[in-house]
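As structure tokens, the structure follows; a few thoughts come after it.
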Amino acid sequence: MKLKLGGKVTTANPNCTASEFAFQLIDSGASVIIVHPEYLNSAIKAAKEARIPESRIILLGKSEVRGFRHHRSLIGDREAEPVSYNLGLQSHFYAIALELLEDKRTRNIFIGVVPFFHIYGIVFVINLVPVLGASAVILSGFNLTTFYRCIQKYKVNFIYAVPPIILELVNFPSIESMSNVDTVFCGAAPLSKRMSDDFYNLYKISIKQGYGLAETSPIITTSEEKNIVSGSCGVLLPNLQVKILSEDG
1 MKLKLGGKVT TANPNCTASE FAFQLIDSGA SVIIVHPEYL NSAIKAAKEA RIPESRIILL
61 GKSEVRGFRH HRSLIGDREA EPVSYNLGLQ SHFYAIALEL LEDKRTRNIF IGVVPFFHIY
121 GIVFVINLVP VLGASAVILS GFNLTTFYRC IQKYKVNFIY AVPPIILELV NFPSIESMSN
181 VDTVFCGAAP LSKRMSDDFY NLYKISIKQG YGLAETSPII TTSEEKNIVS GSCGVLLPNL
241 QVKILSEDG
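Throughout the sequence shown, residue numbering follows UniProt numbering, covering 1 to 249 in sequence.
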């Protein structure tokens with residue numbers, strides 16, 4: 001028997017209301033929901049609104065909850081033997097290209113606090129870290145005390161951040177906790193030159209920035225390694241073209 005496996009994935013913010021989640025399910029044409037048990041009630045409500053059978057709600061984890069199956073129950077012990085392998089269907093080339101851009105001298109411990117339902121977290125933490133053969137400390141959300149403690153305890157040296165995190169690190173600094181950090185990359189929204197400079201004055205670390213979109217998987221510009229300009233999102237990556245338009249097009 002030959003099986004053809006494949007599918008499309010749409011990620012969702014776990015803080016969405018059931019109605020917001022249902023809208024995304026309907027709009028994307030989703031037919032299966034994979035959810036953390038903590039958000040099961042919301043998933044049940046959304047599935048009902050989107051007319052997805054409860055039998056197609058799968059839980060992350062090792063245990064059934066209220067009769068809902070967990071994802072490990074769907075995985076057999078026997079390793080699959082593929083009949084054919086189509087390289088053209090693979091979509092991880094971008095992560096490989098990003099690996100070539102990374103300086104791997106000391107960047108081997110990352111901290112994963114940017115949301116995994118966002119392209120930023122998907123590409124740079126979920127995909128890129130394993131490609132680099134690196135380690136990542138994963139946090140379920142941002143808490144400044146926990147953030148500092150984990151950076152110090154696990155000797156994190158590379159931080160992926162967003163502007164609100166940089167603001168917290170500036171307003172409530174802990175210089176000792178950041179002693180192992182040599183690189184901070186900030187994305188998802190613009191970080192001002194003033195905030196970048198305030199951060200540098202405290203920690204003596206220049207913040208790299210990047211610009212991109214989910215549609216570009218995600219980054220198209222990034223700061224040059226040895227020429228970081230404060231407040232700038234950097235230069236265009238190789239093999240890309242951009243067009244600059246006025247506000248009226």
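We put the beta carbon where it would ideally sit given N, CA and C, even for glycine.
Sheet register partners of PHE110 (DSSP bridge)
The residue you call residue 110 lines up with position 110 of the sequence shown. When DSSP reads this structure, PHE110 sits in a beta bridge with ALA136, PHE158.
Can you tell me the Cβ-Cβ gap for CYS186 and ILE207, rounded? I've got them flagged as a contact below 8 Å.
Indexing the sequence shown from 1 puts residue 186 at position 186. Indexing the sequence shown from 1 puts residue 207 at position 207. Confirmed, Cβ separation roughly 5 Å.
Ordered list of beta strand (DSSP E) runs contained in the stretch 153 to 237, each at least 3 residues:
Scanning the stretch 153 to 237 from its first residue to its last, the whole beta strand (DSSP E) runs of 3-plus residues come out as 158 to 161, 183 to 186, 207 to 212, 219 to 222.
How close, in whole Å, do the beta carbons of ILE228 and VAL181 come, if the pair is a contact with beta carbons under 8 Å?
Locating residue 228 in the sequence shown gives position 228, counting from the first residue. Locating residue 181 in the sequence shown gives position 181, counting from the first residue. Cβ-Cβ separation between ILE228 and VAL181: approximately 15 Å, too far for a contact (criterion under 8 Å).
Going by beta-carbon coordinates alone, are LEU139 and LEU169 separated by less than 9 Å?
Taking the first residue of the sequence shown as position 1, residue 139 is located at position 139. Taking the first residue of the sequence shown as position 1, residue 169 is located at position 169. Between LEU139 and LEU169, the gap from beta carbon to beta carbon reaches 9 Å or more.
Go through its chain and collect everything with a Cβ distance to THR106's Cβ below 8 Å, but skip five positions before and after it.
Here the question's residue 106 lines up with position 106 in the sequence shown. Unreliable positioning characterises THR106 in this predicted model, as indicated by a pLDDT of 48, which lies under 50. The coordinate reading is nonetheless provided below. Residues ASN157, ASP182 of the same chain have their beta carbon placed closer than 8 Å to that of THR106, with the five preceding and five following residues left out of the count.
Do you know how far the Cα of ILE33 is from the Cα of ILE111?
Taking the sequence shown and counting its residues from 1, one reaches residue 111 at position 111. Taking the sequence shown and counting its residues from 1, one reaches residue 33 at position 33. Using only the alpha carbons, I get a separation of about 27 Å.
Since residue 320 contacts SER230 with CB under 8 Å, what's their CB separation in whole angstroms?
The shown model of the chain, from 1 to 249, leaves out residue 320, and the question about it has no answer.
Could you tell me which residues DSSP pairs with PHE68 in its beta bridges?
Sequence index remark: in the sequence shown, residue 68 carries index 68 (1-based). Looking at the DSSP assignment, PHE68 forms a beta bridge with VAL65.
What's the C-alpha gap between ASP198 and VAL137?
As a first step, residue 198 must be located in the sequence shown, where it is residue number 198. As a first step, residue 137 must be located in the sequence shown, where it is residue number 137. Inter-residue distance for ASP198 and VAL137 is about 26 Å (C-alpha atoms, whole angstroms).
Could you tell me the boundaries of the alpha helix (DSSP H) in which ILE44 lies?
The residue given as residue 44 occupies position 44 in the sequence shown. Segment 40 to 50, the alpha helix (DSSP H) holding ILE44.
Could you spell out the range, first to last residue, of the alpha helix (DSSP H) harbouring LEU59?
Walking along the sequence shown from the start, residue 59 turns up at place 59. LEU59: not part of any alpha helix (DSSP H); member of the beta strand (DSSP E) spanning 57 to 59, first to last residue.
Beta bridge counterpart(s) of ILE33 as assigned by DSSP:
Here the question's residue 33 lines up with position 33 in the sequence shown. Beta-bridge analysis with DSSP links ILE33 to ILE57.
Report the option in PHE124, ALA43, LEU132 whose CA atom is closest to the CA atom of ARG56.
In the sequence shown, counting from the first residue as 1, residue 56 sits at position 56. Nearest C-alpha to ARG56: ALA43.
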